[in-house]
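To keep things clear, I will list the structure first and then write my remarks on it.
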Amino acid sequence: MGRLPAWDTHAHLSGVSGSVPERVATLLRFGDRLGIERIALSMGCRFVSHPSPDELRRQNDDVLQAIAAAPKRVLGFVYLNPQHQAASLSELDRCVRDGPMVGIKLWIAMVCSRPELDAIAHRAAQLQVPILQHTYFRTGPNLPDESVPTDLAALAARHPEVSFICAHTGADWERGIRAIRASKNVYVDLCGCDPTAGMAEMAVRELGAERVLYGSDAGGRSFASQLAKVYSADISLEAKRLILRENLRRLLAPALKAKGLEP
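For the sequence shown, the working numbering assigns the number 278 to the last residue and increments by one with no breaks.
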């Protein structure tokens with residue numbers, strides 16, 4: 016099997032050095048070696064877990080600058096903090112409705128099963144964009160305000176019209192897959208942990224290949240180590256094509272078409 020084209024669901028500017036355009040150039044240079052056609056970036060050059068409204072704007076401005084540096088290659092997910100609902104909805108309008116971004120990123124500012132997330136999910140449905148939610152089942156206690164996949168399943172049940180992405184498949188991916196298995200509007204991305212054998216196979220077996228997405232978590236992880244989960248998996252070539260590119264392209268198609276961009 017030769018190299019397959021890929022769209023990276025989950026990447027960051029952090030972990031890469033230089034100005035924003037320099038970071039983008041570095042990511043794309045490495046991505047070119049491995050068939051990465053597009054990368055979806057979220058959050059800015061530094062991670063802030065509970066960003067203020069001003070910090071949210073700075074973080075999203077970094078991603079807007081990254082998109083401007085390579086508009087045909089870089090996709091953007093607006094970073095929001097449900098603790099600041101009005102500011103988050105304003106950023107959502109600025110960056111998605113009126114700007115070039117095509118998704119939403121939520122990290123660890125608030126456990127995502129809480130009702131404060133409903134306004135963001137409702138707006139995501141109106142704009143037809145997916146929500147990428149960080150999720151972790153840790154071996155020890157979770158971080159304050161950090162979500163687990165069961166939290167995301169609860170949110171998704173309240174908003175069946177929204178597509179959600181369970182980032183990192185919950186880290187403890189066997190538990191994560193089971194936690195969202197019945198949630199048909201929840202997808203998983205495979206990024207952020209070591210390229211353990213069996214991860215992609217279980218996701219495809221339990222969820223169907225149509226609900227599994229490739230992600231790298233670059234610059235914290237490499238493109239190659241995360242691609243290995245898909246390339247080495249004992250799944251069909253068609254399943255690999257879906258995971259690497261076609262599923263994300265389908266999820267983002269409404270937003271891309273609304274902006275006159277090629278899905």
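For glycine and all other residues, C-beta sits at the position ideal for the given N, C-alpha and C.
None of these values were measured; they are calculated from a predicted model.
Cut-off 6 Å between Cβ atoms - residues of its own chain near residue i, not counting five sequence neighbours on either side
i	result
E189	none
G235	G30
M116	G91, V93, C110
Helix, strand or coil at residue i [DSSP, three-state]
i	result
H27	coil
Y151	coil
K255	helix
S57	strand
I195	helix
C181	strand
D133	helix
V281	Coverage of the chain is limited to positions 16 through 278, which leaves residue 281 absent and any answer about it impossible.
I250	coil
L42	helix
L228	strand
E37	helix
A212	coil
T277	In the sequence under discussion, the amino acid at residue 277 is Glu, which differs from the Thr named in the question. Here E277 sits in coil by DSSP.
N157	coil
R62	Here residue 62 is Phe; the residue named in the question, Arg, does not match the sequence. F62: coil per DSSP, three-state reduction.
A186	coil
P269	helix
Same chain, Cβ closer than 8 Å to residue i, neighbours up to 5 away in sequence not counted
i	result
R256	L19
H137	H174
M300	Coverage of the chain is limited to positions 16 through 278, which leaves residue 300 absent and any answer about it impossible.
G59	L28, S29, R73, Q74, N75, D76, D77, V78, Y94
S32	R38, T41
R287	Only positions 16 to 278 of the chain appear in the structure, and residue 287 is not among them; the question remains open.
A84	V35, P36, V39, A40
Of the listed residues the options, nearest to residue i (C-alpha basis)
i	options	result
A171	L142, Y202, H183	Y202
R264	R88, M125, L107	R88
E131	P97, E253, S103, G230	P97
G213	V111, A197, I250, Q74	I250
L104	A140, S231, H25	A140
D113	L79, V63, A84	L79
R72	I54, P86, A101	A101
V177	E221, K244, L267	L267
V35	D47, S57, L242, L49	S57
Cβ neighbours of residue i in the same chain (closer than 7 Å, five flanking residues each side left out)
i	result
S240	P210
I51	A21, D23, F238
H25	A55, L147, A182, D204, C206, G230, S231, D232
V219	V227, I250, A254
R61	S29
V144	V111, V117, G118, I119, A270
F45	F238
Whole-number beta carbon distance between residue j and residue i, since they are thought to touch under 8 Å
i	j	result
F152	P164	7 Å
I119	I146	5 Å
K244	A215	5 Å
M125	D160	5 Å
C127	L158	With a Cβ gap of about 13 Å, C127 and L158 do not count as contacting.
DSSP bridge partner residues for residue i (one or two, in chain order)
i	result
K120	Y94, L147
I51	A21
V280	Residue 280 is absent from the model: the chain starts at 16 and stops at 278.
V89	I54
A233	A26
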